[in-house]
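Undergrad:
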Amino acid sequence: MLSNIATVLAGLIGAGIIFMGARAFWAPQAAVGFGIPDTPTEDRSFHAWLSVKGVRDIASGLFIFILLAGGTTHLLGWFMLAASAIPVGDAVIVLRSNGPKAAVYGIHGATAVVMLAISALLLIA
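Just so you know, we're using this note's numbering here: the sequence shown kicks off at 180 and counts up by one.
Here is the structure:
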């Protein structure tokens, strides 16, 4: 039962990551929500960097779906554990950029905690 819940949650994380990556292309102004102050959402060079991030987000989400389709719960758990370094790194970046604590802890920190919890559930299942 717990592994089923964790698998569904992993799928939701994957879908969310794909959505965020795609949003970089159609709504670059949404990057302000990442938490870095003075994000230059109108700058064309920033759009190029945001596109790079978007492609990587989409690929990361697809990795989760590939593991959901063909992997084991343990393999998915290890992947989710490794991937939890991404929101931890994002939180550190926002914190070092003097970004809002709400983004540091409420967005990136909470995502890391959820991913770690999913990992634990998948690894003990």
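Each residue gets a CB set at the ideal place from its N, CA and C atoms; glycine is no exception. As the structure is a computational prediction, the values presented were derived from the model and not from experiment.
Just tell me which of A185, P266, W228 and G250 has its CA closest to the CA of F204.
TA: It is W228.
Undergrad: Measure the Cβ-Cβ separation of I243 and A289 and say whether it is below 8 Å.
TA: No, they are not a contact pair.
Undergrad: Can you tell me which of the three DSSP states M180 falls into?
TA: Correct three-state label for M180: coil.
Undergrad: So, at 6 Å on beta carbons, what are the nonlocal neighbours of P266 in its own chain, with the 5 sequence-adjacent residues on each side left out?
TA: H287, T290 and A291, listed in sequence order.
Undergrad: Which residue's Cα is closest to the Cα of A296: V273, K232, L255 and N277?
TA: Comparing Cα-Cα distances from A296 to each of V273, K232, L255 and N277, the minimum goes to L255.
Undergrad: For L300 and G195, what's the separation of their Cα atoms in angstroms?
TA: Near 19 Å, if we compare the C-alpha coordinates of G195 and L300.
Undergrad: In angstroms with no decimal places, state the Cα-to-Cα distance between R235 and A270.
TA: The straight-line gap from Cα to Cα measures roughly 18 Å.
Undergrad: Over what stretch of residues does the alpha helix (DSSP H) that includes A299 continue unbroken?
TA: Where A299 is concerned, the enclosing alpha helix (DSSP H) stretches over A289 to I303.
Undergrad: Run through DSSP, which three-state label would G305 get?
TA: For the chain, the structure presents residues 180 to 304; residue 305 sits outside this window and is missing.
Undergrad: Look at the alpha carbon of W257 and the alpha carbon of L302, and state the distance between them as a whole number of angstroms.
TA: Looking at the two C-alpha atoms, the distance is approximately 7 Å.
Undergrad: On the three-state DSSP scale, how would you describe G214?
TA: Coil at G214, not helix or strand.
Undergrad: As a quick exercise: from A238, K232, L274 and A282, pick the residue whose alpha carbon is nearest that of G193.
TA: Out of A238, K232, L274 and A282, A238 has the C-alpha closest to the C-alpha of G193.
Undergrad: Does M180 pass the burial test, meaning 16 or more other C-beta atoms within 10 Å, or should it be called exposed?
TA: Exposed, since its Cβ has fewer than 16 Cβ neighbours within 10 Å.
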